[in-house]
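If you read the sequence shown in our numbering, its first letter stands for residue 251, the second for the next number, and so on. Where is the CB? At the ideal position from N, CA and C, for every residue including glycine.
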Amino acid sequence: MAAVTQKSVLSSVPTQLFIGGKWQDSLSAQTFAVHDPATGSVLAEVANGTVADGGAALDAAVAAQADWAAAPPRERGEVLRRAFELLTERADEFAMLMTLEMGKPLAEARGEVAYGAEFFRWFSEEAVRIHGRYAVNPAGGSRLLTMQKPVGPTFMITPWNFPLAMGTRKIGPAVAAGCTMVAKPASETPLTMLALAALLAEAGLPDGVLNVVTTTDTAVVSEPIIRDPRLRKLTFTGSTAVGRLLVEQSAEQLLRVSMELGGNAPFLVFEDADLDSAVEGAMLAKMRNIGEACTSANRFLVHEDVADEFAERLAKRMGALAVGKGTKAGVEVGPLITEKAREGVHELVTDAVERGARVLTGGSKVAGRGHFYEPTVLVDVPTEARLLGEEIFGPVAPVTTFADEAEALRMANSTEYGLVAYAYTRDHGRVLRISEALEFGMVGINTGIVSNAAAPFGGVKHSGFGREGGFEGIHEYLETTYVSLNP
Ligand code: NAD
């Protein structure tokens, strides 16, 4: 097999809209540029969809809905299975594409392909396990039947940080359930979603089941789709601010809605923790995806007896990471997605330092081309520092201390977000106590990664609602009909 290069990947990636099984230009004939965040150079010009293109994509999804809902579950599952196999075969190509448009190092991009493909495999197996119930009326007489039906045409809006997995996590269950889709990827990283649509078509997904509209005119193109009475569901992954706006828009048609929003994950290290594995887990929870993950550890809350040692060991590891362009061998930390994002991270660090935080390592932008930021560890971070309350979305680890379990829980829960919390401890009683008390949709115990296609991913409070993955994932795309049957 020929080596996968930037050139080979970019020369074959689709750049048009995908509507009703056809690749087509935007009705405006306009395009927009996709940039490499490591160099600023233009990777591709992609069709800039209009309101009319969005309408055409929804028309195609609506037209395909009845046949797709009626397709045998095994057939729907087998499309996903083939897509899983194709993605796995082409892992290097998808990894290269993601590294180019998003910046993460190649090894991490390969990890995302493996993780993202799992959603196709998991939901290929779920497609054939959709079923209802049968019961006798407690009062006797009638029978109570329930059946599960696809919700119907679904609009999916995805972010740039995991260009593949945020797509497969929605497309997998929608395909399995029998829903048709309009997908709108982030304009920073549209290429992966376009390549994924081509792969699904090759795997046998019928025309019109998945339609992709790329655009920089996001709000203008999205709103009419969300307000269209033929749409049945909206699923969004992105920031809490945009999520809130979309929930308001979706109220008009009382859409089914899933929201995977921001996070502010606490990472608790108790005095009885195995510090070697706590530092290892911290590296994963903080540095995975350059810190640009909703699951990123945002606040390190460490027992005062072990805080100094933990912070020093973490700083040593963070300071030794190789920063650079993700396609370069040995690089462990890529660039942030845009200059605006890097500026935002630096402002948070500056604010903390001005309020008295101490820099153990990093703390600055990397000079030169690309939006690189030094892996940073801060200690003595005062509670009023902005970065303890806001999502950092970059390679910055603020460390603060607690005196006992009650204080640790109070600090961990004092955020409007509730996506994931991590804790390192060897006390099993504590594991249960804190898992019950933490106000988060997910809890990682002695691990820095919780994401798994077989588990329900999602948050509470301002991190949103709905679950992706696991047995729960498919129910986001199913409606229940209850039949009262008088024999
Ligand atoms: P964002 O909210 O700016 O954008 C997400 C998507 O929404 C993009 O496709 C964007 O084009 C689109 N969008 C933006 N404004 C819109 C509007 N007015 N109407 C319709 N669509 C609009 O977020 P981002 O900066 O791309 O992603 C980072 C955020 O996503 C972080 O807050 C992160 O925590 C969150 N995120 C959450 C999860 C999760 O599963 N909970 C996963 C990944 C990222």
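Go to residue i, then tell me how far its alpha helix (DSSP H) extends in each direction, as first and last residue.
{"i": "N461", "result": "Segment 460–462 is the beta strand (DSSP E) holding N461; no alpha helix (DSSP H) there."}
{"i": "K420", "result": "415–427"}
{"i": "F550", "result": "Unbroken run through F550 is the beta strand (DSSP E), 547–553; no alpha helix (DSSP H)."}
{"i": "T675", "result": "It is not in any alpha helix (DSSP H) - T675 carries neither H nor E in the DSSP assignment."}
{"i": "K575", "result": "Segment: none, K575 is in no alpha helix (DSSP H) and carries neither H nor E."}
{"i": "K434", "result": "Unbroken run through K434 is the beta strand (DSSP E), 431–434; no alpha helix (DSSP H)."}
{"i": "A445", "result": "440–452"}
{"i": "A704", "result": "Note, A704: premise wrong, no alpha helix (DSSP H); not H, not E."}
{"i": "E597", "result": "589–604"}
{"i": "Q499", "result": "490–500"}
{"i": "L455", "result": "Run containing L455: none; DSSP gives neither H nor E here."}
{"i": "G639", "result": "636–639"}
Where does residue i fall in DSSP's three states?
{"i": "Y727", "result": "coil"}
{"i": "E521", "result": "coil"}
{"i": "F405", "result": "strand"}
{"i": "V556", "result": "coil"}
{"i": "K257", "result": "helix"}
{"i": "V301", "result": "helix"}
{"i": "R480", "result": "coil"}
{"i": "T665", "result": "coil"}
{"i": "L735", "result": "strand"}
{"i": "V263", "result": "coil"}
{"i": "V629", "result": "strand"}
{"i": "L682", "result": "helix"}
{"i": "G719", "result": "coil"}
{"i": "A318", "result": "In the sequence as displayed, the identity of residue 318 is Trp instead of Ala. Note: W318 maps to helix in three-state DSSP."}
{"i": "I642", "result": "coil"}
{"i": "E542", "result": "coil"}
{"i": "A252", "result": "coil"}
{"i": "T338", "result": "helix"}
Identify every residue that forms a DSSP beta bridge with residue i.
{"i": "L688", "result": "Answer by DSSP bridge pairing: none, since L688 is not bridged."}
{"i": "V470", "result": "According to DSSP, V470 bridges with nothing at all."}
{"i": "W273", "result": "F268"}
{"i": "L330", "result": "DSSP output for L330 lists no bridge partner at all."}
{"i": "S508", "result": "T485"}
{"i": "K615", "result": "Y623"}
{"i": "G714", "result": "E510"}
{"i": "A515", "result": "A547"}
{"i": "G531", "result": "Its beta-bridge partners do not exist; DSSP assigns none."}
{"i": "E295", "result": "A283"}
{"i": "V670", "result": "M692"}
{"i": "V583", "result": "V573"}
{"i": "V609", "result": "L628"}
Short check: CB of residue i to CB of residue j, under 7 angstroms?
{"i": "T464", "j": "G299", "result": "yes"}
{"i": "A447", "j": "L460", "result": "yes"}
{"i": "P516", "j": "A671", "result": "yes"}
{"i": "G569", "j": "T600", "result": "no"}
{"i": "V425", "j": "R340", "result": "no"}
{"i": "N539", "j": "K420", "result": "no"}
{"i": "T408", "j": "T468", "result": "no"}
{"i": "T442", "j": "W410", "result": "no"}
{"i": "M348", "j": "A333", "result": "no"}
{"i": "Y667", "j": "A523", "result": "no"}
{"i": "A319", "j": "G428", "result": "yes"}
{"i": "A703", "j": "E362", "result": "no"}
{"i": "V462", "j": "A436", "result": "no"}
Would you mind giving the Cβ-Cβ distance between residue i and residue j, rounded to the nearest angstrom? I have them listed as a contact below 8 angstroms.
{"i": "L669", "j": "L688", "result": "Their Cβ separation, rounded to whole angstroms, is 11 angstroms, which puts L669 and L688 out of contact at 8 angstroms."}
{"i": "S374", "j": "L330", "result": "4 angstroms"}
{"i": "T430", "j": "F370", "result": "With a Cβ gap of about 17 angstroms, T430 and F370 do not count as contacting."}
{"i": "L414", "j": "G366", "result": "4 angstroms"}
{"i": "L637", "j": "A602", "result": "5 angstroms"}
{"i": "S392", "j": "L735", "result": "6 angstroms"}
{"i": "A635", "j": "L564", "result": "A635 to L564, Cβ: 18 angstroms. No contact."}
{"i": "A288", "j": "P585", "result": "5 angstroms"}
{"i": "L267", "j": "E351", "result": "Not confirmed; about 17 angstroms, so no contact."}
{"i": "E510", "j": "G694", "result": "Wrong, their Cβ atoms sit about 17 angstroms apart, outside the cutoff."}
{"i": "L308", "j": "R480", "result": "7 angstroms"}
{"i": "S546", "j": "K536", "result": "6 angstroms"}
I'd like the span of the beta strand (DSSP E) that includes residue i, first residue to last.
{"i": "Q742", "result": "Here the chain covers residues 251 to 737 and nothing more, so residue 742 does not appear."}
{"i": "F369", "result": "Not the beta strand (DSSP E): F369 falls in the alpha helix (DSSP H), residues 356–376."}
{"i": "V284", "result": "281–285"}
{"i": "F344", "result": "Unbroken run through F344 is the alpha helix (DSSP H), 341–352; no beta strand (DSSP E)."}
{"i": "T651", "result": "646–652"}
{"i": "A385", "result": "383–386"}
Using a Cβ-Cβ distance cut-off of 7 angstroms, determine whether residue i contacts chain B.
{"i": "G304", "result": "Looking for chain B here will not work: only one protein chain is present."}
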